[in-house]
Amino acid sequence: MNGSRWIFAVVAALSVAAGCSNDSTSAVAQPGTLSLRLTTPQADDGAMTFAVSGPAIDNATAVDVSLRLFTRQADGSTLVGAVVGALGNGVVVTLQVPDVGAAARYTARVVEVADRQNVLRASLAGYALTVAP
Amino acid sequence: MRFPIPALLLLLGAAPVLAQTPTGGSWREAVRRLRDAPRVQLAHGAAKSRVRPKGMPRAARRLTTAAVESAVAESEPNDNVATADSVALGDQATGVVNPAGDVDTWSVDLVAGQLFSVDVDAADAGSPLDATLALLAPDGRTLLSFNDDFDGFDSRISYFIPASGRYYVMIRAFGAAGAPELTYAINFGKVACPLVGAEQEPNGTPATASPAAIGDSVSGEICPTDDSPAGDVDYWAFMARAGTTVELDIDAAQLGLPVDPVIALYASDGTTQLAFNDDADGADSRLQYSIVTTGTYYATAADVAGFGNPFPYVLHIRPITPGPGDPITVRAQGLGHPLGIAVGSTGDLFVGEVTGNRVVRVSAQGVVTTFAPGIPAPLGLAFDSFGDLLVASVDGAVYRVTPQGQATRFITDAGIPFWIAVAPDGRIWLTDLSDRSLRRYSPTGQFEARFDAIAVGGSGPGPLAIGPSGEPYFSQGTEIWRLASGQLQRVLTDRFIIWGFAFDAAGNIYAPAPVAGRIQLFDATGTIAADTFAIGPDAPQAVAFGRDASGAPVARVFATESRIGQVIEVNPAGVAHVGLSVGYVPSFTVVAAAAGLLGASGLSAADQHYLDTVGNRNGRYDVGDLQAYIKMAEGLSGPRSDQ
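Following this line, the structure appears as structure tokens:
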């Protein structure tokens with residue numbers, strides 16, 4: 340084997356290795372659940388609408404039976420939802436996703452909040468939604 | 101405020117007269133009259149009426165007794181039963197009411213079963229005396245009967261004697277006057293009815309009815325006798341062809357007598373009552389009826405009370421032009437004074453029985469079943485936005501009845517809720533007779549506002565309907581008004597009292613006028629479009645548009661006929677438009693409501709307005725409204741979502 344062939348072989352090997360490395364990343368995607376966690380400054384939230392953007396979401400369920408959840412796929416990357424019930428700080432919705440490793444690629448935001456007397460919150464200051472494993 | 105029934109009855113009885121209306125009476129009085137009116141079944145006893153031609157001399161209506169047996173002059177003192185002058189049947193007594201405050205008392209021995217008549221001739225003979233008569237029982241204290249003016253200023257009492265004994269008759273001058281010239285003659289006898297004119301006696305049964313023809317004006321006299329103390333009934337037989345509409349019009353009070361005649365129409369079998377009327381024209385009566393089968397029909401004339409002084413009458417049997425809603429069809433009968441009517445989401449009729457104290461369901465096949473028992477005297481009915489039936493009751497509450505027929509008191513803060521309607525936004529409107537107001541409630545029954553309507557005059561707000569613009573319209577008697585932007589506006593004025601009216605989709609108003617025995621039609625501007633749209637068999641009280649099995653309004657009009665206990669339908673061929681959707685019934689599920697909030701199509705502007713109304717009313721549909729709707733839809737009447 341002359342030098343150029345060795346070089347070719349090394350390059351080819353490296354290329355294969357690199358390809359194998361990429362294939363290795365796809366193969367370890369882990370379907371699972373992510374938690375949609377609410378941070379609220381209020382103690383009497385009764386209903387909320389929200390939007391979650393990012394990779395696909397297979398399903399969404401309320402975290403407990405006391406909450407009613409309604410969702411709709413707004414577009415290819417955004418799920419919108421309404422959750423009704425006694426809301427508080429903590430997980431409110433569980434998201435079924437194809438790859439929990441992509442959690443960081445999801446963003447969520449609060450759209451509307453109403454108190455338990457049906458009155459819409461005038462300000463959403465202090466509210467936050469996060470998506471995390 | 102809740103009125104106990106005894107207090108309410110007192111209120112009803114004390115209701116003021118509605119002066120400008122043909123028959124008078126406030127809505128309260130009208131309800132009392134409806135409830136108290138007997139299910140009309142005229143007596144079929146032997147009748148012994150005698151003909152008395154219209155325009156007969158007054159003297160001919162004097163005491164119809166046997167010839168005077170003897171003349172008796174008074175002997176003072178005779179001011180009380182202890183000093184009464186004695187007379188016998190057949191006697192004519194004479195006297196003078198003098199001085200002021202004088203009372204002349206006469207005693208007469210009577211036998212049980214006699215139809216006693218005592219008749220004064222004073223003013224009729226030129227005396228200035230305006231007499232009053234009182235009949236006292238044998239105990240000398242119990243007042244059995246009183247009369248002031250019967251034959252002009254002259255008094256008369258006809259009374260069925262229940263027990264043998266000595267009775268007392270007292271004659272006074274009206275206003276306790278007295279003077280030497282206040283002379284009188286007083287005739288004591290039994291009622292007898294001289295045969296006068298062409299009326300053929302006996303005519304107290306269909307088999308013995310006097311003949312007549314459409315177009316005739318026939319005369320007779322209602323005259324109870326010993327043989328018919330329970331009341332006299334005159335039967336008149338006439339032939340009528342299918343498609344003919346006849347009017348029976350009796351004149352008696354118009355002849356100047358303080359009497360109250362009633363009329364009825366019977367089918368060819370002589371026993372099936374087709375129509376009845378009392379007081380269509382003051383105390384006189386009139387009815388109209390569409391003949392659907394050629395045959396012989398029977399008109400009857402009688403006194404409303406079945407007894408009392410004899411009186412003559414003229415009965416007109418006229419052909420009249422039917423309306424586009426004729427002929428009518430009877431959909432249900434045998435009901436206990438049906439008044440309010442509402443149509444359910446599958447087309448069934450729901451009718452409140454004022455005297456049956458229940459709401460019945462009438463199927464498309466005319467089958468009547470009890471839907472909600474135990475609601476005292478149901479008045480106005482309407483379905484709310486959740487499919488529950490709201491029923492205003494004479495007990496002061498509005499009941500809510502679930503589709504399963506479970507009734508609960510729902511609105512209890514109105515004094516006398518009368519009529520009820522549900523607007524497109526689901527809000528509930530009712531008229532309150534206690535203070536002549538309209539009251540508005542949220543779809544869930546929370547009081548929102550009161551609108552004083554005393555200024556509309558008449559009887560104040562009564563029967564109520566929601567117009568095409570979603571505003572409440574109501575009848576105050578002979579006028580329909582609406583409440584628009586908080587302002588009361590007169591929409592139309594009629595000759596007759598308008599009861600429970602309804603709108604079609606074009607805004608035309610179908611207005612029942614029970615005193616006129618018809619349904620009238622007004623266009624959207626309030627102009628009369630058909631003075632006779634349909635002729636009810638008696639007195640159409642409330643109308644409602646039908647719905648098909650899917651709940652969609654259809655061009656069919658139904659009406660209650662309170663006094664004859666029927667529900668009728670007008671000829672659908674004459675109904676030009678479908679009914680205006682009554683109230684607002686959400687057709688979406690909770691899931692659809694949520695989807696709409698999240699951006700899906702499917703909710704109309706009205707739906708979103710409704711959702712905002714049941715929610716936080718901030719002018720747009722938001723998550724607070726969804727929360728409210730879920731609580732309401734699933735928390736009040738059971739799950740309504742298809743989730």
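Residue numbers (our numbering), protein chains in the order written: chain A, 340 to 472; chain B, 101 to 743.
Glycine included, C-beta positions come from ideal geometry on N, C-alpha and C.
Min CB distance residue i to chain B below 8 angstroms
| i | result |
| --- | --- |
| A461(A) | no |
| V423(A) | yes |
| V419(A) | yes |
| T388(A) | yes |
| V391(A) | no |
| N457(A) | yes |
| R448(A) | no |
| D362(A) | In this predicted model, D362(A) has a pLDDT of only 42, less than 50, meaning its place in the structure is not dependable enough to derive any value. |
| A464(A) | no |
| A401(A) | no |
| G440(A) | no |
| A413(A) | yes |
| G427(A) | no |
| A467(A) | no |
| A382(A) | no |
Nonlocal neighbours in the same chain, by C-beta distance under 7 angstroms from residue i, ignoring five residues either side
| i | result |
| --- | --- |
| V402(A) | V430, V431, V432, T433 |
| L142(B) | Note that L142(B) scores 26 on pLDDT, short of 50, meaning its location in the model is unreliable; the coordinates nonetheless yield the value given after this. Taken in chain order, the residues that qualify are V333, A364, T400, A402. |
| D351(B) | D384, Y413, V414 |
Same chain only: Cβ atoms within 8 angstroms of residue i, ignoring 5 sequence neighbours per side
| i | result |
| --- | --- |
| P380(A) | A464, G465, Y466 |
| D712(B) | N718, G719, R720, Y721, D722, D725 |
Residue-level contact to chain A via CB, residue i, 8 angstroms cutoff
| i | result |
| --- | --- |
| L724(B) | Leu is not the amino acid found at residue 724(B); the sequence shown has Gly there. At least one chain A Cβ lies under 8 angstroms of G724(B). |
| Q727(B) | yes |
| L697(B) | yes |
| A733(B) | no |
| V467(B) | no |
| I730(B) | yes |
| A694(B) | yes |
| G124(B) | Here G124(B) scores only 35 on pLDDT, less than 50, and its place in the model should not be relied on; the value that follows carries that caveat. Answer no: the Cβ-Cβ gap between G124(B) and chain A never drops below 8 angstroms. |
| N457(B) | no |
| A442(B) | no |
| V691(B) | yes |
| A477(B) | no |
Beta-carbon proximity of residue i to residue j, cut-off 8 angstroms
| i | j | result |
| --- | --- | --- |
| A390(A) | V452(A) | no |
| A386(A) | V723(B) | yes |
| S485(B) | G526(B) | yes |
| Q373(B) | V346(B) | no |
| D448(B) | R461(B) | yes |
| G570(B) | V419(A) | no |
| L481(B) | S493(B) | no |
| P640(B) | P672(B) | no |
| A375(B) | W336(B) | no |
| A471(A) | L373(A) | yes |
| T502(B) | D488(B) | yes |
| G607(B) | A624(B) | yes |
| R500(B) | T508(B) | yes |
| G252(B) | A277(B) | no |
| G515(B) | D532(B) | yes |
| R431(B) | V667(B) | yes |
Below-8 angstroms beta-carbon distance, residue i vs any chain C residue
| i | result |
| --- | --- |
| G715(B) | Considering every chain present, this structure includes no chain C. Its protein chains are A and B. |
Neighbourhood of residue i by C-beta distance below 6 angstroms, restricted to the same chain and skipping five residues each side
| i | result |
| --- | --- |
| I257(B) | V218, L233, L235, S245, N247 |
| D204(B) | E174, N178, G195, I271 |
| R455(A) | D383, G385 |
| G626(B) | V591, L592 |
| M339(B) | T396 |
| V436(A) | L373, I396 |
| R656(B) | G646, P672 |
Any non-hydrogen atom of the ligand MN closer than 7 angstroms to residue i Cβ
| i | result |
| --- | --- |
| V723(B) | By its list of ligands, the structure shown contains no ligand whatsoever, and the ligand MN lies outside what it can speak to. |
Taking the runs of the beta strand (DSSP E) that are 3 residues or longer, which of them lie wholly in the segment 441–516 of chain B? 449–453, 458–462, 468–473, 478–483, 489–493, 498–501, 507–511
At what residue ranges does the segment 643–699 of chain B contain a whole run of the beta strand (DSSP E), taking only runs of 3 or more? 653–661, 666–669
Counting pairs of Cβ atoms below 8 angstroms between the segment 211–223 of chain B and the segment 279–294 of chain B, do you hit three or more? yes
Should the segment 428–442 of chain B be called in touch with the segment 660–678 of chain B, which here means at least 3 C-beta pairs below 8 angstroms? yes
Can we say the segment 557–568 of chain B touches the segment 525–543 of chain B, given the rule of at least three CB pairs closer than 8 angstroms? yes
Specify whether the segment 277–288 of chain B and the segment 186–194 of chain B touch according to this definition: at least 3 beta carbon pairs, one from each stretch, less than 8 angstroms apart. yes
Would you list, in sequence order, the uninterrupted beta strand (DSSP E) runs of no fewer than 3 residues that lie entirely inside the segment 269–346 of chain B? 283–290, 317–322, 333–340
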